[in-house]
Amino acid sequence: MRRGRRWRMGARLMVDKSWGLAPTPPIERRARGEPLADRLESRAAARAASAASRETARQSARAADAALRESDPHTAAAQRRRGSGRKDIVREDRDTSGYRMVTDPARIRALAARGASAQSLSDVLGLPVETIRQALADAG
1 MRRGRRWRMG
11 ARLMVDKSWG
21 LAPTPPIERR
31 ARGEPLADRL
41 ESRAAARAAS
51 AASRETARQS
61 ARAADAALRE
71 SDPHTAAAQR
81 RRGSGRKDIV
91 REDRDTSGYR
101 MVTDPARIRA
111 LAARGASAQS
121 LSDVLGLPVE
131 TIRQALADAG
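This is the structure in structure tokens:
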């Protein structure tokens, strides 16, 4: 019996190629004589083998990436998958050890107004606590 573009043929529903759908693969039928336990064991063994092969492939890819990173970090950075940003440069951390911190009294007062204590400002700025307290007292 035919209705529109679909028709039943046995237990399968046939699909017309003009619909743009990929045909579904046929369902694999199990052998009647094969016991259920044997099928379950074979499927579990196939899953374990597949997982083991994926893990070895993942480890070899990591080893290749590590070797490339050590040999040429710029090429490795260019090949790394990123969502956005430049792919041809390696970002390097800036050496800020020689930078001087601004320690004028106005900045000390501004940080204290935000809630920083005299002890914490002393630790961060590397100044004695008395100098910090003197800068805060001069403002008031």
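Here my numbering is used: position 98 in the sequence shown is 98, and no number is missing along the way.
Ideal Cβ positions, reconstructed from N, Cα and C, are used throughout, including at glycine.
Since residue i and residue j are thought to touch, with beta carbons under 8 Å apart, how far apart are those beta carbons, to the nearest angstrom?
| i | j | result |
| --- | --- | --- |
| Ala118 | Ile132 | 5 Å |
| Thr96 | Leu125 | With 8 Å as the limit, Thr96 and Leu125 do not qualify as a contact, their Cβ atoms being about 15 Å apart. |
| Pro105 | Asp65 | With a Cβ gap of about 52 Å, Pro105 and Asp65 do not count as contacting. |
Tell me the DSSP secondary structure of residue i in three-state form.
| i | result |
| --- | --- |
| Gly10 | Any reading at Gly10 must be qualified, since the residue scores a pLDDT of 48, below 50, and its modelled position is unreliable; no value is offered. |
| Val102 | coil |
| Ala92 | Residue identity differs from the one stated: residue 92 is Glu in this sequence, not Ala. Coil, per DSSP. |
| Asp123 | helix |
| Pro35 | coil |
| Asp72 | coil |
What is the rounded straight-line gap between the Cα of residue i and the Cα of residue j?
| i | j | result |
| --- | --- | --- |
| Ala48 | Asp38 | 15 Å |
| Ala46 | Asp72 | 39 Å |
| Ala135 | Glu92 | 37 Å |
| Ala44 | Gln59 | 23 Å |
| Val129 | Thr56 | 59 Å |
| Arg114 | Ser120 | 12 Å |
Closest by CA to residue i, which one among the options?
| i | options | result |
| --- | --- | --- |
| Asp144 | Thr75, Met101, Arg69 | Nothing can be reported for residue 144, as the shown portion of the chain is limited to 1 through 140. |
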